[in-house]
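Worksheet: the structure to be examined is printed underneath.
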Amino acid sequence: MAGNAVGFGNFLRFPVQAVQNGGGAFIIPYLVSFILMGIPLLFIEWSSGRFGGKFGHHSTPFILQSMDKRRIWKYVGVFGIFSNIAIAAYYCYIESWTMSYIYHSLAGSFDGLSQYAVAAFFADYLDLSTTTTGIPYEALVFFLLCLALNTWILSKGLSAGIEKVAKIGVPLLILFGIFLAFKGITLKAGQDHAVLDGTVGLNFLWTPDFTSLANPKVWLAAAGQIFFTLSVGMGSIQCYASYLKERDDVALNAMSAGWMNEFVEIVLGSAVIIPIAIGYLGIDKVIELTNIGGLGLGFRTMPYLFEQWGPVLSAVAGASFFGLLFFAGITSSLAMGTPGMGFMMDEFNWSRKRSALAFGIVVLLLGLPTIFFFADGVFDEYDYWAGTVSLVVFALLESVLFSWIFGLKKGWREITSGADINVPIIYRFIIKYITPVMLILVFTGAFLRPAGDNWSNISLRGWKLHNESILGQLTHQGAGPNNTWFAKSFYAETAGIVDSVYTDNKNKFYLRTSAVDESGRLVLKVYKYKPQHHQLLVEKGDMIAAGQVLYIGKITNRVFYLDMARLLLVALFVAISILVFIAYRKQLAERRKNI
Amino acid sequence: MNTSALVMMVTVESIVVVLTAWFFYKVLTAKPKPEPDSYSENDNDPR
Numbered sequence: 007m008a009g010n011a012v013g014f015g016n017f018l019r020f021p022v023q024a025v026q027n028g029g030g031a032f033i034i035p036y037l038v039s040f041i042l043m044g045i046p047l048l049f050i051e052w053s054s055g056r057f058g059g060k061f062g063h064h065s066t067p068f069i070l071q072s073m074d075k076r077r078i079w080k081y082v083g084v085f086g087i088f089s090n091i092a093i094a095a096y097y098c099y100i101e102s103w104t105m106s107y108i109y110h111s112l113a114g115s116f117d118g119l120s121q122y123a124v125a126a127f128f129a130d131y132l133d134l135s136t137t138t139t140g141i142p143y144e145a146l147v148f149f150l151l152c153l154a155l156n157t158w159i160l161s162k163g164l165s166a167g168i169e170k171v172a173k174i175g176v177p178l179l180i181l182f183g184i185f186l187a188f189k190g191i192t193l194k195a196g197q198d199h200a201v202l203d204g205t206v207g208l209n210f211l212w213t214p215d216f217t218s219l220a221n222p223k224v225w226l227a228a229a230g231q232i233f234f235t236l237s238v239g240m241g242s243i244q245c246y247a248s249y250l251k252e253r254d255d256v257a258l259n260a261m262s263a264g265w266m267n268e269f270v271e272i273v274l275g276s277a278v279i280i281p282i283a284i285g286y287l288g289i290d291k292v293i294e295l296t297n298i299g300g301l302g303l304g305f306r307t308m309p310y311l312f313e314q315w316g317p318v319l320s321a322v323a324g325a326s327f328f329g330l331l332f333f334a335g336i337t338s339s340l341a342m343g344t345p346g347m348g349f350m351m352d353e354f355n356w357s358r359k360r361s362a363l364a365f366g367i368v369v370l371l372l373g374l375p376t377i378f379f380f381a382d383g384v385f386d387e388y389d390y391w392a393g394t395v396s397l398v399v400f401a402l403l404e405s406v407l408f409s410w411i412f413g414l415k416k417g418w419r420e421i422t423s424g425a426d427i428n429v430p431i432i433y434r435f436i437i438k439y440i441t442p443v444m445l446i447l448v449f450t451g452a453f454l455r456p457a458g459d460n461w462s463n464i465s466l467r468g469w470k471l472h473n474e475s476i477l478g479q480l481t482h483q484g485a486g487p488n489n490t491w492f493a494k495s496f497y498a499e500t501a502g503i504v505d506s507v508y509t510d511n512k513n514k515f516y517l518r519t520s521a522v523d524e525s526g527r528l529v530l531k532v533y534k535y536k537p538q539h540h541q542l543l544v545e546k547g548d549m550i551a552a553g554q555v556l557y558i559g560k561i562t563n564r565v566f567y568l569d570m571a572r573l574l575l576v577a578l579f580v581a582i583s584i585l586v587f588i589a590y591r592k593q594l595a596e597r598r599k600n601i
Numbered sequence: 005m006n007t008s009a010l011v012m013m014v015t016v017e018s019i020v021v022v023l024t025a026w027f028f029y030k031v032l033t034a035k036p037k038p039e040p041d042s043y044s045e046n047d048n049d050p051r
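Printed below as a string of structure tokens:
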């Protein structure tokens, strides 16, 4: 299970979340979330999974149903299948990046590139119209290869074999991580083209900022990261635990898997990518890179570090790092396949092969938009709704069910039954009161976050929402004037001066504006346009106001792609709910027949 | 590194390392569970 927990969350997602949420501002909510939400939820999920398994259930809809007979819990349990499939859709894409970077490391694609060129290489890789290997649509090809491999392993029931390989692969990744952490921390400005010491990155991450404790956005990101990295709020732990015997331990399993994961994330994850990325690119550039999409920071920075070790060692190090990361990733993506497959096999008597194929097809349909419309925000949209918000919602509901409806008296007995450790009694109090209250606070705060984080503005007559609040995201508040699906005019999102109009010689045209914000920092905004479809109305040197028309023509705004991504996620949720309903009716009919 | 960052990092990482090692030790030394039928030879046989 530690093999499943150690994955991209540790090395790739954690640094990006930390950078996006202010470094030191992130680490305190993150740690508090682990102690007060992560560990209790591990206890809840391991024990409720084993409990549901006693009745022959191996997926969350009917595991939750076994804890309380009210019908609603079946549909709450849908989250436990939905999140796995939706996350797998973009997780497999990240997995395919590691696969292609093994190839690129061995092929010497990064030889002689500057740190900025290595960062740009990743952007080119994701752009389907550019090829870095000569293979057309290479990002798509690697994704299809990766998904086919996952589907094949699942269909053959070889996940156990992969787990065995991971038992060697994950410790090797940890050892290699220790070595890279040493290289990251000892990085010196001026050596090997580094612009800053590695310790600058550590300062950025570890200097505590207690003001973040009042910022719900950071709490939501911290809680989302804890859930993602521990795989809680997802349904895969319940699925795994449902196959345990009644007398098997769950408490020590939960604690050891949780703390091993934190060791890899806090001790290694924090000491590898952040010090190296900031050392080579500087804090501002790293923040900018994390804001332009996904979990790609490691791909934009690590190859450059390896390149400093000479052509042979860089190829070995690159292939080893991305290869081991691939193994860590595939154990997690295979675990994401099991709840949905288990559900179809249990409830509809589908064969393993058929269930795996269905999983592969659904992930393909959901995954293709993340590849074709990556730059339009589809990937990040999946990560936000399926990889963050859904996990928090499901965790909140299952913690209420476990503590207040199933009852903590029974729940505590489930946690401690067969336990190989003495579970600290304080967790009885935490699970009953602190965890549900924290989850409610985090979710409500993130849902209704006011503009400027000024909580005194909240009143019964309403208040202006923050663009990044869940409600603000739902209503595309941050899109400004470009908030329709299709338009004939494209408007400037911020005021500034047009400082350049340029092309990157790949048939892509850009317009850049610059302005200085209140804190004296230069704010650059880049807009893409297509001369064959758009007529530019501004030129270099023009002062423009926010909301001013930049170009006219046939325009498809970003909100269109975001809404389509949401529709796909909603369609998936509804489809699983319908299947749960049919399975429930089938169970009722079978019971009547038996009577 | 500045002092507050160093104190924070060393404290948090020490706690994480010690607890991870302790739980790992507990896993390695956990006694195997007695079989319901006290006979383990047939555990892998199909039922």
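Residue numbers (the numbering used here), protein chains in the order written: chain D, 7 to 601; chain P, 5 to 51. Note that the Cβ used here is the ideal one computed from N, Cα and C, for glycine as well. Being a predicted model, the structure only gives us computed values, none of them experimental.
| Asked | Found |
| --- | --- |
| Are D:A257 and D:L112 closer than 7 angstroms when you measure CB to CB? | no |
| If you check the beta carbons only, do D:F349 and D:S65 fall under 7 angstroms apart? | yes |
| Cβ of D:L574 within 7 angstroms of Cβ of D:L372? | yes |
| Could you tell me which chain P residues have their CB closer than 9 angstroms to the CB of D:S262, listed as they occur along the chain? | T24, F27, F28, K30, V31 |
| Where does D:M549 land, buried or exposed, given buried means 16+ other C-beta within 10 angstroms? | exposed |
| Check this for me: beta carbons of D:L471 and D:F453, under 7 angstroms apart or not? | no |
| Any C-beta of chain P within less than 8 angstroms: which residues of the region 230-257 of chain D qualify? | K251, R253, D254, D255 |
| Can you tell me which of D:G86, D:T490, D:Y109 puts its alpha carbon nearest to the alpha carbon of D:I582? | D:G86 |
| Quick one: residues in its chain with C-beta nearer than 7 angstroms to the C-beta of D:G275, no 5 flanking neighbours on either side, listed in chain order? | N16, F17, F20, P21 |
| Closest by CA to D:Y99, which one among D:F379, D:S396, D:L480, D:L556? | D:F379 |
| Mind pulling the chain P residues with CB within less than 9 angstroms of D:T213? | M5, N6, S8, A9, M12 |
| For the candidate residues D:S54, D:V147, D:Y107, whose alpha-carbon lies nearest to that of D:Y249? | D:S54 |
| Along the region 439-460 of chain D, what residues have a CB closer than 8 angstroms to any CB found in chain P? | none |
| If contact is defined by three or more beta carbon pairs under 8 angstroms, each pair taking one atom from either stretch, is the region 562-580 of chain D in contact with the region 39-47 of chain D? | no |
| Would you report the Cα separation of D:L179 and D:I243, rounded to the nearest angstrom? | 23 angstroms |
| Using beta-carbon positions only, say whether D:D215 and D:G30 come within less than 7 angstroms of one another. | yes |
| Please state if the CB of D:I293 and the CB of D:V25 are separated by a distance shorter than 7 angstroms. | yes |
| Going by CA-CA distance only, name the one from D:E404, D:R360, D:A247, D:Y497 that's closest to D:G552. | Per the sequence presented here, residue 552 of chain D reads as Ala, with Gly not at that position. Residue D:Y497 is the option with its Cα nearest to D:A552. |
| Helix, strand or coil for D:M549 per DSSP? | strand |
| Is there a C-beta anywhere in chain P that falls below 7 angstroms from the one on D:F269? | yes |
| Are D:G114 and D:A334 close, meaning C-beta to C-beta below 7 angstroms? | no |
| Tell me which residues of the region 33-49 of chain D have at least one Cβ-Cβ distance to chain P shorter than 8 angstroms, keeping chain order. | I33, L37 |
| Any Cβ of chain P within less than 7 angstroms of the Cβ of D:D426? | yes |
| Would you say D:Y286 and D:A200 are within 7 angstroms of each other, going by their C-beta atoms? | yes |
| From the DSSP output, read off the bridge partner residues of D:A521. | D:V529 |
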